[in-house]
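This report concerns only the one structure given below.
Residue numbers (my numbering), protein chains in the order written: chain A, 461 to 571; chain B, 7 to 120.
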């Protein structure tokens, strides 16, 4: 199916475990983004990528790692999950700065 | 630097009433402005955007917004609310450069009373 997908949609993990959230888009958009959504904070940018093999930090990058070996994929890894990383994570992609298209989100609970 | 202020966290209107969701922005460069809507358990969907040209922008589902540079505002309106408009609404601002990033407001939850 065309569009932007995220997996898993729901994830429960424990403190200290490594978790990888997947994002895949079929539009060949150059830009991809990871946000976290928390009550009272809106959406905050974690990392973004302007093209394959080019990534950069956003507003809240600590504790996260990204990679972009292929244009269509942009995985987000929590190297050692903490309770403060319990959140809803959204991936987005765009062809330009004008419009970002969002995935359905991953709800992550860290116990 | 850029920022977005959405005053209040919740707005409640009656079905058929005017919807007005306020957004003020701060930007050191000419901005692009956006409104996104998020329905429960879904991702964000673009409602409308202002980039250049006409300052009154029409979007999907009967929503519109007006860019007022002098007031640094981009308020979202809809003449007549429908039950299906109940959702969370986010205003966002970006610059116009190639690597500009979106900055979101905290969002406003719209409730529609029958």
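Ideal placement from N, C-alpha and C gives every residue a C-beta, glycine not left out.
Sequence-distant residues of the same chain with beta carbon closer than 6 Å to residue i, five excluded per side
| i | result |
| --- | --- |
| residue 503 of chain A | 495, 497 |
| residue 472 of chain A | 569 |
| residue 11 of chain B | 30 |
| residue 16 of chain B | 115 |
| residue 68 of chain B | 84 |
| residue 51 of chain B | 43 |
Neighbourhood of residue i by C-beta distance below 8 Å, restricted to the same chain and skipping five residues each side
| i | result |
| --- | --- |
| residue 63 of chain B | 54, 55, 56, 70, 71, 72, 73 |
| residue 535 of chain A | 480, 481, 482, 483, 526, 527 |
| residue 102 of chain B | 35, 36, 37, 38, 57 |
| residue 109 of chain B | 8, 9, 10, 98, 99, 100 |
| residue 529 of chain A | 512, 513 |
Counted within 10 angstroms of its Cβ, other Cβ atoms place residue i as buried (16 or more) or exposed
| i | result |
| --- | --- |
| residue 479 of chain A | buried |
| residue 492 of chain A | buried |
| residue 470 of chain A | exposed |
| residue 91 of chain B | buried |
| residue 571 of chain A | exposed |
| residue 21 of chain B | exposed |
| residue 75 of chain B | exposed |
| residue 88 of chain B | exposed |
| residue 60 of chain B | exposed |
Cross-chain neighbours of residue i in chain B, by beta carbon under 9 Å
| i | result |
| --- | --- |
| residue 470 of chain A | Within chain B, no residue comes near residue 470 of chain A; the closest Cβ sits about 10 Å away, beyond 9 Å. |
| residue 505 of chain A | 107, 108, 109, 110 |
Beta bridge counterpart(s) of residue i as assigned by DSSP
| i | result |
| --- | --- |
| residue 116 of chain B | B/17, B/93 |
| residue 552 of chain A | A/493, A/562 |
| residue 464 of chain A | A/485 |
Under 7 Å from the C-beta of residue i: neighbouring residues of chain A
| i | result |
| --- | --- |
| residue 113 of chain B | 502 |
Proximal chain B residues relative to residue i, where beta-carbon distance stays under 7 Å
| i | result |
| --- | --- |
| residue 564 of chain A | 48, 49 |
Close-in-space but distant-in-sequence residues of the same chain around residue i (CB under 7 Å, 5 per side omitted)
| i | result |
| --- | --- |
| residue 13 of chain B | 28 |
| residue 561 of chain A | 464, 552, 553, 554 |
Partners in chain B for residue i, counting only beta-carbon separations shorter than 8 Å
| i | result |
| --- | --- |
| residue 518 of chain A | 107 |
Proximal residues of chain A, C-beta to C-beta of residue i below 9 Å
| i | result |
| --- | --- |
| residue 96 of chain B | 502, 503 |
_Proximal residues, the stretch 538-562 of chain A versus chain B, C-beta separation under 7 Å_ = 550, 557, 558, 559, 560, 562
*Between the stretch 29-44 of chain B and chain A, which residues of the former have a C-beta closer than 9 Å to a C-beta of the latter?*
38, 40, 42, 44
*Quick one: which residues of the stretch 44-56 of chain B get their C-beta closer than 9 Å to a C-beta of chain A? List them in chain order.*
44, 47, 48, 49, 50, 51, 52, 55
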